[in-house]
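K.L.:
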Amino acid sequence: MGQGSSSASSSGRTRSDQLTLTPQEYAALQDALGVGEDAPEATVSLPAFLGRFPPHLRPLVQPLFFRLSREPGGRANRWRARRSSECERMVGALGGASPSCPSLSQPQDDDEEPCAPWHHIVAGVSCFVRSGASWPVLLEAWVGDADSDPCAGARAEAAAELAATLCFWCAHPSLAPAPGVPGGVPPSAAAAVLAGWDRDPFESVLMALRRSEGASGAKSSAEVRSRLADHVPSLPHSVGPRLAQALLEAPPPPDCPWPKSRILDRGLAFLLRGVGNPLWTSGAWDLLYSDWRDGRAFGSFLRGVLHYRGLAV
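Letter by letter, the sequence shown follows residues 1031 to 1343 in the numbering used here.
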């Protein structure tokens, strides 16, 4: 404890300092969101925030806008019912809401445009960019953090798919969903076949994240958060750099590397990198052996792997 305190004081920087945007980033955010005057009463509109993202990301980042605005007393708290209604619609589309689940939405008579306090947006964006996103934060954006709802587990399972979808498209900024995949949420493999669509590479991620049909469903959102944090803790790391690009004029993040394997598609490669930070931060993966390139002789397989001492998938 003594050494930690001494180090902080000698450097002159605290944790709050490390989460603060630079003057250049602050000015870029102010310009990107159309905040003309840097005043305590300044606000950011939802359309201004969503307009910084491509169309397929807008439904997925909309809950983040309300999550960034949830400071007590913030003006965006007036829009929590509208936010809940929209999130319920998205979660229900993935099968997370059942007829027995009580509705999250409430009557909304105010048609005024949703907006959030400027200083809340600044604090939230800086935290996302500096500290990175996490599963608890992403799931809370869709379903909140209360487990009193008897359907909290089912809603969290569906929200996990939406959050994973956001992570996937943030990790692949040069890609976009195939036609007929609204909001970047791919359909099931069966629906894709019936509609004549090519199977989206992200479908393999959803299949891996979903519980098997025979397994009992999660009883709480905490159970879902814990499972994701244990198995794929690094997947949310892609969200912060994508927000920085859209809002702070940061350089575009590179796409998640893919070894162009005929077995390991982009979705599975993304999922495997999310298992832990060493894999997430590793460079491009090289194919040690592939039968279509090296032939099917056992000697070719040995030559590819015999003297390799690094991480292997």
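Idealized CB from N, CA, C, for every residue including glycine.
Fair warning: this is a prediction, and the values are worked out from it, not measured in the lab.
Can you name the start and end residues of the beta strand (DSSP E) that residue 1075 belongs to?
P.N.:
That run of the beta strand (DSSP E) goes 1073–1075.
K.L.:
Can you tell which of 1186, 1199 and 1313 has its C-alpha closest to the C-alpha of residue 1233?
P.N.:
The shortest C-alpha separation from residue 1233 is found at 1199.
K.L.:
Am I right that residue 1151 and residue 1099 are in contact with their C-beta atoms under 8 Å? What's the rounded C-beta distance?
P.N.:
Sure, about 7 Å apart at Cβ, within 8 Å.
K.L.:
Mind checking who residue 1146 pairs with in its DSSP beta bridge?
P.N.:
Beta-bridge pairing links residue 1146 to 1074.
K.L.:
What do you get for residue 1054, buried or exposed, if any count of 16 or more other CB atoms within 10 angstroms of its CB means buried?
P.N.:
Residue 1054 is exposed by the Cβ-count criterion.
K.L.:
By Cβ distance, which residues of its chain are closer than 7 Å to residue 1065, with the 5 residues on each side in sequence left out?
P.N.:
For residue 1065, where only same-chain residues beyond five positions count, the Cβ hits under 7 Å are 1072, 1074 and 1148.
K.L.:
Could you check what DSSP says for residue 1053 in three-state terms: helix, strand or coil?
P.N.:
Here residue 1053 sits in helix by DSSP.
K.L.:
Does the count of Cβ pairs from the segment 1181–1190 and the segment 1264–1277 closer than 8 Å reach three?
P.N.:
Too few Cβ pairs lie closer than 8 Å, so no.
K.L.:
How many angstroms separate the CA atom of residue 1241 from the CA atom of residue 1247?
P.N.:
Going from the Cα of residue 1241 to the Cα of residue 1247 covers about 8 Å.
K.L.:
Does DSSP put residue 1293 in a helix, a strand or coil?
P.N.:
If DSSP states are grouped into helix, strand and coil, residue 1293 belongs with coil.
K.L.:
Given 8 Å as the limit, is there contact between the segment 1252–1265 and the segment 1297–1307, that is, 3 or more CB pairs closer than that?
P.N.:
Yes, they touch.
K.L.:
By a C-beta neighbour count over all protein chains shown, 10 Å radius and 16 as the cutoff for buried, is residue 1328 buried or exposed?
P.N.:
The residue is exposed, with fewer than 16 neighbouring Cβ atoms inside 10 Å.
K.L.:
If I follow the unbroken alpha helix (DSSP H) through residue 1195, where does it start and stop?
P.N.:
That run of the alpha helix (DSSP H) goes 1182–1201.
K.L.:
Take the Cβ of residue 1346 as the centre, count every other Cβ of all protein chains shown within 10 Å, and call the residue buried at 16 or more, exposed below.
P.N.:
Here the chain has residues from 1031 to 1343 only, and residue 1346 is not among them.
K.L.:
Work out the CA separation of residue 1056 and residue 1293 for me, nearest whole Å.
P.N.:
Those two C-alpha atoms are separated by around 44 Å.
K.L.:
With DSSP as the reference, label residue 1065 as helix, strand or coil.
P.N.:
Three-state DSSP puts residue 1065 in coil, outside helix and strand.
K.L.:
Between which residues of its own chain and residue 1274 is the CB-CB distance below 7 Å, once the five residues before and five after are set aside?
P.N.:
The residues are 1159 and 1280.
K.L.:
Can you tell me whether residue 1161 is buried or exposed? The criterion is at least 16 other CB atoms within 10 Å of its CB, across all chains shown.
P.N.:
Exposed, by the Cβ-count rule.
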